[in-house]
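The numbering of the sequence shown is the numbering used here, which starts it at 9 and goes up by one. A virtual CB, placed ideally from N, CA and C, is assigned to each residue, including glycine. Keep in mind it's a predicted model, so treat the numbers as computed, not measured. A short write-up of the structure that comes next.
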Amino acid sequence: MLRKEGFEVSVAATGTDALTEFDRTGADIVLLDLMLPEMSGTEVCRQLRQRSHVPIIMVTARDSEIDKVVGLEIGADDYVTKPYSPRELVARIRAVLRRQSAESNETGAPTLAAGPVRMDIERHVVTVGGAGVQLPLKEFELLELLLRNAGRVLTRGQLIDRVWGADYVGDTKTLDVHVKRLRSKIEPEPSAPRYIVTVRGLGYKFEP
9 MLRKEGFEVS
19 VAATGTDALT
29 EFDRTGADIV
39 LLDLMLPEMS
49 GTEVCRQLRQ
59 RSHVPIIMVT
69 ARDSEIDKVV
79 GLEIGADDYV
89 TKPYSPRELV
99 ARIRAVLRRQ
109 SAESNETGAP
119 TLAAGPVRMD
129 IERHVVTVGG
139 AGVQLPLKEF
149 ELLELLLRNA
159 GRVLTRGQLI
169 DRVWGADYVG
179 DTKTLDVHVK
189 RLRSKIEPEP
199 SAPRYIVTVR
209 GLGYKFEP
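If you want it as structure tokens, here you go:
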């Protein structure tokens, strides 16, 4: 049903798998069933909140007020009780995504996520697959710019102007060195990059 509405969907059967899948895909929104094997939906929600601001909609057969309150207090953005209509679920998903987009525009998106990479801009924290990564300032700024434009090609000139400033008088080798260092910290196989991709003759892009 969600695929028919234009959403890309990843499915996890257990709470543990849900966290693993989230780290792998960097989902834009999470529909979280409370009744999951291995780890409860409540615990999954709590752990997701510790690593990301991704919108979470709780989906459950429980209709008690206390369950809804607990879900919202631990970080869920909305709560849908079974049975629900597909149309209602899609409407709620779109409403939560619109709200998040508006909040991100107002706050400057304090947290960025794409693929396995998470960036907490305010705390200057970067994780890859849940593991912390230490980045010097310029590498952090470069990665932030790439993530804010994930899927879009940025020319070498654009990257240098935004990270080093329009008055920078060096050559593009500085950029290439920083990209190489970033890849060594982010890519599973730095010599065959999956995320920070070179677009020959143009520049780089982050492939989520």
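Per-residue burial, residue i [other beta carbons within 10 Å of its own, 16 or more giving buried]
| i | result |
| --- | --- |
| Leu162 | buried |
| Gly49 | buried |
| Val67 | buried |
| Ala121 | buried |
| Val19 | exposed |
| Pro45 | exposed |
| Ala35 | buried |
| Asp179 | exposed |
| Asp86 | buried |
According to DSSP, residues forming a beta bridge with residue i
| i | result |
| --- | --- |
| Met127 | Leu120, Val134 |
| Ala84 | Beta-bridge pairing links Ala84 to no other residue. |
| Arg212 | Reading off the sequence shown, one finds Tyr at residue 212, where the question assumed Arg. For Tyr212, which the question treats as bridged, DSSP gives the partners Leu162, Thr206. |
| Leu39 | Ile65 |
| Ala139 | Val136 |
Closest Cα partner of residue i within the set the options
| i | options | result |
| --- | --- | --- |
| Val38 | Val88, Lys193, Val141, Val205 | Val88 |
| Leu190 | Arg131, Lys213, Gln55 | Lys213 |
| Met127 | Val19, Ala103, Arg59 | Arg59 |
| Arg208 | Pro216, Ala174, Thr22, Arg164 | Arg164 |
| Arg202 | Ala139, Arg32, Gly140 | Arg32 |
| Arg11 | Arg106, Glu152, Arg95 | Arg95 |
| Val55 | Gln166, Gly140, Pro124, Gly83 | Note on residue identity: the sequence assigns Gln, not Val, to residue 55. Nearest option by C-alpha distance: Gly83. |
| Ala26 | Phe15, Leu155, Ile64, Gln166 | Ile64 |
| Val136 | Cys53, Glu51, Pro216 | Pro216 |
| Glu152 | Gln142, Tyr92, Ile129, Ile168 | Ile129 |
Is the stretch 141-150 touching the stretch 179-187, taking contact as three or more C-beta pairs under 8 Å?
yes
Uninterrupted alpha helix (DSSP H) stretches inside the stretch 45-71 (no shorter than 4 residues):
49-59
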